[in-house]
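Quick note on numbering: the sequence shown equals residues 174 to 636 in my numbering.
Report on one structure; see the data block that follows.
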Amino acid sequence: MEDELEDRVVHQTYLSFMKILSRFSSSVAFDTPTSYLWKMVRLYLLRSEVLIFTLAIVVFFMYLQTIGLWSRTLLSRLSHAVNPISAVQRMKLMDGSDADKQSWELKGSLSAAYAIQGRRMHMEDKFIINENINNTGISLFAIFDGHGGEFAANYAKDHLIQNLYNKIVELSAFKNGKLSDIQKNDSPEEPKKDEKENVSVERKTSFKKSVSTADDTSKKEITDPQLLAQLNKARPITREVRPVKPVKNVTVPLSSYIIKGKINYGKLLTDEVLAADQLLVEAAKRSMNVAGTTALIAVLEDNHLIVANVGDSRGVMCDVRGNAIPVSFDHKPQQVREQKRIEAAGGYIAFNGVWRVAGILATSRAMGDYPLKDKNFVIANPDILTFNLDDHKPMFLVLASDGLWDTFSNEEAVKFIKERLDEPDFGAKSLTLQAYYRGSVDNITVLVINFMHKPFSTTNFSE
174 MEDELEDRVV HQTYLSFMKI LSRFSSSVAF DTPTSYLWKM VRLYLLRSEV LIFTLAIVVF
234 FMYLQTIGLW SRTLLSRLSH AVNPISAVQR MKLMDGSDAD KQSWELKGSL SAAYAIQGRR
294 MHMEDKFIIN ENINNTGISL FAIFDGHGGE FAANYAKDHL IQNLYNKIVE LSAFKNGKLS
354 DIQKNDSPEE PKKDEKENVS VERKTSFKKS VSTADDTSKK EITDPQLLAQ LNKARPITRE
414 VRPVKPVKNV TVPLSSYIIK GKINYGKLLT DEVLAADQLL VEAAKRSMNV AGTTALIAVL
474 EDNHLIVANV GDSRGVMCDV RGNAIPVSFD HKPQQVREQK RIEAAGGYIA FNGVWRVAGI
534 LATSRAMGDY PLKDKNFVIA NPDILTFNLD DHKPMFLVLA SDGLWDTFSN EEAVKFIKER
594 LDEPDFGAKS LTLQAYYRGS VDNITVLVIN FMHKPFSTTN FSE
């Protein structure tokens, strides 16, 4: 009865308002253009169905504004379409702007990386450049695109890369019969004097403010209300911390990674990624940290390139003819292979702006993400691709987080860098900023490896 009474009151109020408005409008003489216009407004725009439809449109656009699907990118994309200024020109025009304050850069002799926080509240991308590890002639590059916090990306950067660094040094010495000469305390964070002379590192002061260690981040608890709500909706997934058996470190003989005198990087990368992910999940459970990260790792030795990919960061190579050759493929929930695997594990995918695992995660493979990892909805098994660079004679290789690929296709990125290889950072900064100006709403990290330099055997482009 109370609900019916309230409905009647609202209805009568609306009718009274419309009657008063109608009487007021009817009392106006319609002998001028203004009065005639008012009559048209009253007859057509102030009708109840028009008002209701207009209100519905306003609510719909407010919803789009809230979830941020396109509201923050529409104006910038229109501006780019009307006036496509190059990234370098925009950088000069906007020198000292917010777009350049939260940035990180690293320059080596053969590669360069540039990253910006962009329109996100926090920087969750991490990158690694290790050229000529311990004078072995092997180089290691990586990009980690974190989500749900920095914990997982920091853990992968600090632990996975350190383990790979140590294993590569050991295997290189083992292969050459010099295992006893290895100093196991060498680390990529503290290269020897020879490496310091060959690699010049340029870091901005803001880098020190934003980088946090895994130990500091692991103490944080889940505070994101939207993420908590999504986790609570997904019934098969639990945030409960269950008692877990300690992970035993199984020592794998170095000889198992050597095949015909060469290092089996596919097996090495797979084993190390899965081992690091297992330890990451255990550490995350102890602190109830649901963060995760993608992993894109490239190993370069002589004329061979090995790429391991987990998630939706991507690598693209430019061959001698200027063609874009993908060196990795994104892991998305809507892919047939990934969807079948998720459903076989008892999970599902749902559309929430983009296709997501259990309506939460936009990538079907990642390190961390223990609530989804417990049910095998998300896995960390990397795809491994190996390339003989003598077959392609590449000019350069681009590794980037999905903040770039949201606004650039493979071909566009290759064409953009090809025209800017003569820049000090091989075009990495220009490409990053151009993705930002095109409207990317994510953190953006671009790493460019220039094969035109002499230390790589593949830089001889003569037929």
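The beta-carbon is built from N, C-alpha and C at its ideal position, and this holds for glycine as well.
Predicted model only: the values in this text are computed from it and were never measured.
Between the Cα of Thr467 and those of Leu283, Leu453, Leu478 and Ile479, spot the shortest distance and give me the residue it belongs to. Leu453
Okay, do the segment 338-347 and the segment 298-314 touch, 3+ Cβ pairs below 8 Å being the bar? yes
What residues are listed by DSSP as bridge partners for Phe300? Ile316
Please confirm whether Thr605 and Ile617 have their CB atoms less than 8 Å apart. yes
Alpha carbon to alpha carbon, how far is Glu516 from Val183? Give it in angstroms, no decimals. 48 Å
Helix, strand or coil at Glu637 [DSSP, three-state]: The displayed coordinates of the chain run from 174 to 636. Any statement about residue 637 would go beyond what the structure contains.
Could you give the DSSP three-state label for Pro206: helix, strand or coil? helix
Looking only at its own chain, which residues have a Cβ that is under 7 Å from the Cβ of Ala539, when we skip the five neighbours before and after it? Gly465, Thr466, Thr467, Val483, Gly484, Val551 and Ala553
Span of the alpha helix (DSSP H) around Lys588: Asn583 to Lys591
In the DSSP output, what is Glu474 paired with across the bridge? Ile311 and His477
Limits of the unbroken alpha helix (DSSP H) element including Phe346: Per the sequence presented here, residue 346 reads as Ala, with Phe not at that position. Start and end: Ile334 to Lys348.
Using a threshold of 8 Å, state whether the C-beta atoms of Gly532 and Asn525 are closer than that. yes
Euclidean distance between Cα positions of Val232 and Gly281: 51 Å
Can you give me the start and stop residues for the beta strand (DSSP E) that Thr618 sits inside? Ile617 to Asn623
Tell me which residue opens and which closes the alpha helix (DSSP H) that Arg220 is part of. Premise fails: Arg220 is in no alpha helix (DSSP H) and is neither H nor E.
Reducing DSSP to helix, strand and coil, say where Ile552 ends up. strand
Starting from Trp578, follow its DSSP beta bridges and name the residues at the other end. DSSP lists no partner for Trp578.
Which of helix, strand or coil does DSSP assign to Leu570? strand
Identify, in the order they occur along the chain, each residue of the same chain with its Cβ nearer than 8 Å to the Cβ of Gln491, setting aside the five sequence neighbours on each side. Per the sequence shown, residue 491 should be read as Cys rather than Gln. Result list for Cys491: Ala497, Ile498, Pro567, Met568, Phe569, Leu570, Val571, Val587, Ile590 and Lys591, in chain order.
Status (buried if at least 16 other CB within 10 Å, exposed otherwise) for Tyr328: buried
Thinking C-alpha only, which one of Glu585, Val463, Glu596 and Gly322 is nearest Ala608? Glu585
Would you give the residue range spanned by the alpha helix (DSSP H) that Ile117 belongs to? Coverage of the chain is limited to positions 174 through 636, which leaves residue 117 absent and any answer about it impossible.
Given Ile436, which residues of its chain have a CB within under 7 Å of its CB, disregarding the five upstream and five downstream residues? Leu344, Lys348 and Tyr430
Taking Phe624 as the reference, which of His565, Asp579, Lys602 and Phe581 has the closest Cα? His565
Inter-residue spacing [alpha-carbon to alpha-carbon] between Asp503 and Ser486: 7 Å
Could you name the residues of the same chain whose beta carbon sits closer than 6 Å to that of Ile301, not counting the 5 residues immediately before and after it, in chain order? Ala315 and Ile334
Helix, strand or coil for Val527? Go by DSSP, reduced to three states. strand
Run through DSSP, which three-state label would Ala464 get? coil
Residues near Asp579 in its chain [Cβ-Cβ closer than 7 Å; skip 5 each side]: Ser613 and Asp615
Exposed or buried, which one is Gln275 when buried takes at least 16 other CB atoms within 10 Å? buried
With distance defined between alpha-carbon atoms, name the residue in Asp450, Lys212 and Tyr187 nearest to Asn549. Asp450
Taking DSSP as the reference, what is the three-state secondary structure of Ser276? strand
Short CB-CB distance (under 8 Å) between Leu558 and chain B: The structure shown contains no chain B; it is built from a single protein chain.
I believe Leu534 touches Val500 by the beta-carbon criterion, under 8 Å. Please report the beta-carbon distance rounded to the nearest angstrom. Not quite, the Cβ-Cβ distance comes to about 24 Å (not below 8 Å), so this is no contact.
Tyr610 to Ser582 span [Cα, whole Å]: 15 Å
On a CA-only basis, which of Gly541, Tyr236 and Met191 is nearest Leu224? Give me that one, please. Met191
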